[in-house]
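> Here it is, the structure, as structure tokens.
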Amino acid sequence: MNANFSVLSAKATQPLVGIELGGTKCICILAFGPDELVAQEVVPTTDAETTLGAIEQILARWWRTHGFRAMGIASMGPIRVDPKSPDYGHILATTKPGWPGADIAGRLSRPFGVPMAFDTDVNGAALAEMTWGAGRGLTDFAYVTVGTGVGVGLIVNGKPTRGIGHSEIGHIRVPRLPGDTAPSACCYHNDCVEGLASGTALKVRLGKQNVSEIAADHFIWDVVTDAITSMCHAMVCMTGPQRIVLGGGVMEKQPHILARIEPALRHSLAGYIELPADEPYVRAPQLGNMAGPLGPIAMALALEVEREAVGAM
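In the numbering used here, the protein residues as written are 2 to 314.
Shown next as structure tokens:
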């Protein structure tokens, strides 16, 4: 796969454009690859009309100054990923006010007429890590982001899971620790991973207290560790990823959590499923905070490889 990407990049005279739409900010990137960035701009995520309007202006300007040959859009979810559906490319039942029903893919891609790949932000990040980072050479991989929400990019046999929709593993329900009676940050579930362990959940639990003031041995980190470990246990049992990567703002700012997850996961599995022992199974993203922005670039590259393979048949 990487070799094909290199060939395509070498032949290309125009860059790719990628848009990562997150709950807090959107990152627009113009690039040939991770080492060939042409431009990057950030748009705060506010209401859909304001946010998408600002992104449209950036894309129109880049189209005039550089052009681009394909587009990747990696969006916060839930989103409709079935191209046959009439609301393909739309935001679905998000908890973010003003965004349900927003036409992300159509609105951003329609003016340019270039090939477009559309998926979740975490699936994009997973593909970026599989192309250039901690998932290289793997076919089954999980990228977890613990930030404003909790999302999982789940790749099985080389492709993001589909079925009735993309994975929403951040919303699986997990047992609460004894003594944890704090309200959930999720308006849908009282005991899902996102409701218990996301950055939003930390704010609900702490109120006006700043998370930077919380010691590493505080009970709140036991809750976060337990919820994420339970989620990883479920993923190992369901699809058996060859590696799990944990990224996102909470993991970046609280690195002590990552060190606790793998021992807790091995203890939870209790030897029933053996994890690889020769290297860390749960680790930080190799691309760091660029895994997300590079996700839609990896998606656009994968689309080119797929289209070229079809054309060669």
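Ideal Cβ placement from N, Cα and C applies to all residues, glycine included.
On a Cα-Cα basis, can you pick out the residue from Ile20, Leu53, Gly200 and Ala13 that is closest to Glu37?
For the residues Ile20, Leu53, Gly200 and Ala13, the minimum Cα distance to Glu37 belongs to Ala13.
> Quick one: what's got a C-beta closer than 6 Å to Thr240's C-beta in the same chain, skipping five residues either side?
The answer, listed in chain order, is Val157.
> Where does Arg81 land, buried or exposed, given buried means 16+ other C-beta within 10 angstroms?
Buried, by the Cβ-count rule.
> Can the beta-carbon of Ile74 be found less than 8 Å from the beta-carbon of Leu109?
In this structure, Leu109 lies closer than 8 Å to Ile74 by Cβ.
> Whose CA, out of Arg308, Ala310 and Leu295, lies closest to the CA of Asp122?
Here the closest residue by C-alpha is Leu295.
> Quick one: is His91 buried, meaning 16 or more other Cβ sit within 10 Å of its Cβ, or exposed?
His91 should be labelled buried.
> With a CB to CB cut of under 7 Å and the five nearest residues on each side skipped, what residues in its chain are close to Met300?
So the list reads Gly73, Ala75, Ala118, Asp120, Gly125 and Leu128, once near-sequence residues are dropped.
> Can you tell me the Cβ-Cβ gap for Gly249 and Val153, rounded? I've got them flagged as a contact below 8 Å.
Gly249 to Val153, Cβ: 11 Å. No contact.
> Count Cβ pairs between the segment 230–239 and the segment 251–270 that sit closer than 8 Å; are there 3 or more?
A contact exists between the segment 230–239 and the segment 251–270.
> Hey, out of Pro179, Ser199, Gly166 and Ile105, whose CA is closest to Glu380's CA?
Because the chain in this structure spans residues 2 to 314, residue 380 falls outside the shown range and cannot be described.
> With Asp223 as the anchor, note down where its beta strand (DSSP E) starts and where it stops.
Counting along the chain, Asp223 falls outside any beta strand (DSSP E), though it belongs to the alpha helix (DSSP H) covering Phe220 to Met239.
> Compute the beta-carbon to beta-carbon distance between Ile298 and Ala32, rounded to the nearest angstrom, for a pair I have assumed lies under 8 Å.
Indeed, because the Cβ distance is near 5 Å, the residues count as touching under 8 Å.
> Cα-Cα, which of Glu169, Ala216 and Pro87 is closest to Pro79?
Pro79 has its Cα closest to that of Glu169, out of Glu169, Ala216 and Pro87.
> Thinking C-alpha only, which one of Ser86, Thr230 and Glu307 is nearest Val283?
Checked all of Ser86, Thr230 and Glu307; the closest Cα to Val283 is Thr230.
> Taking Asp279 as the reference, give the member of Ala260, Arg244 and Ala292 with the closest Cα.
For the residues Ala260, Arg244 and Ala292, the minimum Cα distance to Asp279 belongs to Arg244.
> Tell me whether the beta-carbon of Thr149 lies closer than 8 Å to the beta-carbon of Thr51.
For Thr149 and Thr51, no; Cβs fall outside 8 Å.
> Could you pull out every residue in the same chain whose Cβ sits closer than 8 Å to the Cβ of Leu207, ignoring the five residues on either side in sequence?
For Leu207, where only same-chain residues beyond five positions count, the Cβ hits under 8 Å are Ile215 and Ile221.
> Could you tell me whether any Cβ in chain C is nearer than 8 Å to the Cβ of Pro184?
In the structure shown, chain C does not exist; there is a single protein chain.
> What would DSSP say about Ile215, mapped onto helix, strand or coil?
Residue state, collapsed to three classes: coil.
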